[in-house]
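The structure appears below as structure tokens.
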Amino acid sequence: MPTDLNQKIYVAGHRGMVGSAIVRDLQAKGYTNIVTRTHAQLELTSQQAVSAFFETEKPDQVYLAAARVGGIYANNTFPAEFIYDNLMVQGNVIHQAFLNGVKKLLFLGSSCIYPKLAPQPMSEDALLTGKLEPTNEPYAVAKIAGIKMCESYNRQYGASHGVDYRSVMPTNLYGPGDNYHPENSHVIPALIRRFHEAKLSNAPEVVIWGTGTPRREFLYVDDMAAASVFVMHLDKQTYDSQTEPMQSHLNVGYGSDVTIAELAYAVAKATGYQGTISFDSTKPDGSPRKWMSSDRLNKLGWLPKINLDLGLQNAYQEFMSRIDI
138 MPTDLNQKIY VAGHRGMVGS AIVRDLQAKG YTNIVTRTHA QLELTSQQAV SAFFETEKPD
198 QVYLAAARVG GIYANNTFPA EFIYDNLMVQ GNVIHQAFLN GVKKLLFLGS SCIYPKLAPQ
258 PMSEDALLTG KLEPTNEPYA VAKIAGIKMC ESYNRQYGAS HGVDYRSVMP TNLYGPGDNY
318 HPENSHVIPA LIRRFHEAKL SNAPEVVIWG TGTPRREFLY VDDMAAASVF VMHLDKQTYD
378 SQTEPMQSHL NVGYGSDVTI AELAYAVAKA TGYQGTISFD STKPDGSPRK WMSSDRLNKL
438 GWLPKINLDL GLQNAYQEFM SRIDI
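Going by the working numbering, the letters in the sequence shown line up with residues 138 to 462, in that order.
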């Protein structure tokens, strides 16, 4: 970890779940010069606005955690916005970082970059080997473009300008700052809300869609933030030992997965729900398994610290603090 705790670090997307966790991690490590802008203060899809920001602030490092995100409904309904906004944000931030002398940048992607039928666990070399999941293809294509943009700037400007732009791909994340919207939240926040409401209403039963047998991997967002800072500060030779110039991204996962049934019982325990849990096998299961290989990152020395039970307890406490959501 660098000793210069006063270097200027720009965290794009600091109000999002991952961006806010990165800010927490940097502050906990003693970094004092963290630059942020809200969406209202800086429109990242505007080339002119991003150019003016970088020319004024001149950050030393950039964490690119800003993105337009949403669930299946949003991705299906607004595909043009998802591909346009994400391509513009990435293009503007990465290019202006380069033009303004930023040597270190970390781009945060998504596990949806991998083909729908990728072998499990999904390794980094599965990228671009098959068709993507149709429902979020525009978002995935934008994230793939972000990886390739970082790689292209490294290849063209690494030797001449010292550019070292890296990419990390998280598995399913949960924790503080999550979206608990009743209709478009992901599985953990959706279950937390459902079990909490069932507990309040003394509902005798909570019915979960599907058989409960599909397996999913989940990573607590503060572990993701720690991994991001870890990867950013690896020396280049060490980072290069587990990556290639045109396959330079690293997966960030927990290392194991659980069934949806196991997850449901764990969420019930965390929320204090004591009723019956049943499964409606007439409803769709989705993919049987989504699990990422984090072997390369683990070989570099990083491992997660927060297990699912503790992470769910923390997530529920934070949910309770935002109970009006």
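Idealized CB from N, CA, C, for every residue including glycine.
Bounds of the beta strand (DSSP E) holding Ile146 are 146 to 149. CA-CA distance, Asn212 to Ala279, rounds to 12 Å. Going by DSSP, Gln198 is part of the beta strand (DSSP E) stretching over 198 to 201.
Inter-segment contact for the segment 373 to 388 and the segment 311 to 328 is absent: fewer than three beta-carbon pairs are separated by less than 8 Å. Check the Cα spacing between Asp141 and each of Arg161, Ile250, Asp197: the tightest is with Asp197. Contact check for Lys420 against Gly349 fails: the beta carbons are separated by 7 Å or more. The DSSP-derived three-state label of Val278 is helix. If you draw a straight line from the Cα of Leu434 to the Cα of Ala327, it comes to about 29 Å.
By a beta-carbon distance limit of 8 Å, Thr175 contacts Arg152. Their separation comes to about 6 Å. Three or more pairs of CB atoms, one per stretch, sit closer than 8 Å, so the segment 270 to 279 contacts the segment 241 to 255. Glu180 is positioned such that its CB atom lies no closer than 7 Å to that of Ala189.
Shown here, Met383 sits in coil according to DSSP, grouped into three states, outside any helix or strand. Take Pro341, set aside five residues on each side of it, and the residues of its chain with a beta-carbon closer than 8 Å to its own are Gly412, Thr413, in chain order.
DSSP places Val389 in the strand class (E or B) of the three-state scheme. Listed in chain order, the alpha helix (DSSP H) runs fully inside the segment 150 to 212 are 154 to 165, 184 to 194, counting runs of at least 4 residues. Close CB contacts of Leu224 within its chain, under the 7 Å cut and outside five residues either way in sequence, are with Ala279, Ala282 (chain order). Shortest Cα-Cα distance from Gln144 to any of Ala407, Leu243, Lys195, Glu261 involves Lys195. Our two residues, Ser157 and Arg331, have alpha carbons roughly 25 Å apart in a direct line. Of all C-beta pairs linking the segment 389 to 405 to the segment 436 to 451, three or more are shorter than 8 Å, placing the two stretches in contact.
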